[in-house]
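>
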Amino acid sequence: MKTIEIPIQVPNGFKIDSLDKKNSLITCSEIPKDIKEQIKSFQDAISKLGEDDEDVKAFRSIENLEIPKHIIAHLQLIIIAKALNEDWIPDWSDSSQYKYYPWFNMESSSAGGFVYDDFAYCYASTNVGSRLCFKSIELAEYAGKQFKDIYEEYFLIK
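Numbering that gives the first Met the number 0 puts the sequence shown at residues 0 to 157.
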């Protein structure tokens, strides 16, 4: 039996959802415009950046090695922040450009011992890794809540 490949051009702004082999139908849906709808998992962040991204390549090179989990978590957070920030790069020489990052309550009296608490911003100086900042309050809050487990692995000594 002869097999042929037929390339299909998926319209910009859409992704393939399913393929119905019986009826030869391809179902596409619109890619959400809000970045928070696009990045719900670490794998979504990798997909957004692509396998050729330098940080994704770095992650791939160490993900199966015997490396402390907090180092893996740090690289995961860099990838997540980069994907959520899209093309935005913080300008540390611009003190009028705010940079936001999640803030956590690490008191053992809190419900889980490690919970998203608030956001913070900084301008001329920082007390958080510059690769882990966000361009908006909304993204910092979203990342802190959505990726709490990865932040916990990164911040806490267990």
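Where a beta carbon is used, it is the ideal one built from N, C-alpha and C, also for glycine.
Quick one: is Pro101 buried, meaning 16 or more other Cβ sit within 10 Å of its Cβ, or exposed?
To locate residue 101, count along the sequence shown from 1; it is residue 102. By the 10 Å Cβ count, Pro101 comes out buried.
> Rounded to whole angstroms, what is the Cα-Cα separation between Trp87 and Ser23?
Taking the sequence shown and counting its residues from 1, one reaches residue 87 at position 88. Taking the sequence shown and counting its residues from 1, one reaches residue 23 at position 24. Straight-line Cα distance between these residues: approximately 40 Å.
> In this structure, how does DSSP classify Phe146 when only helix, strand and coil are distinguished?
Sequence index remark: in the sequence shown, residue 146 carries index 147 (1-based). Phe146 falls in the coil class under three-state DSSP.
> Classify Glu4 as helix, strand or coil using the three-state DSSP reduction.
One-based indexing of the sequence shown puts residue 4 at position 5. In the structure shown, Glu4 sits in coil (DSSP, three-state: anything other than H, G, I, E or B).
> Spatial neighbours of Cys27 within its chain, please: CB distance less than 8 Å, with the 5 preceding and 5 following residues excluded, ordered by chain position.
On the sequence shown, position 28 is the one that residue 27 refers to. Excluding sequence neighbours, Cys27 sits near Val9, Pro10, Phe13, Lys14, Ile15, Asp16.
> Contact defined as beta carbons within less than 8 Å: I believe Ile78 pairs with Phe103. What is the distance between those atoms, to the nearest angstrom?
Here residue 78 refers to the residue found at position 79 when the sequence shown is read from its first residue. Here residue 103 refers to the residue found at position 104 when the sequence shown is read from its first residue. Actually they do not touch by this definition, with Cβ atoms about 19 Å apart.
> Find out if the Cβ-Cβ distance for the pair Tyr99, Ala139 is shorter than 9 Å.
To locate residue 99, count along the sequence shown from 1; it is residue 100. To locate residue 139, count along the sequence shown from 1; it is residue 140. Going by C-beta atoms, Tyr99 is nearer than 9 Å to Ala139.
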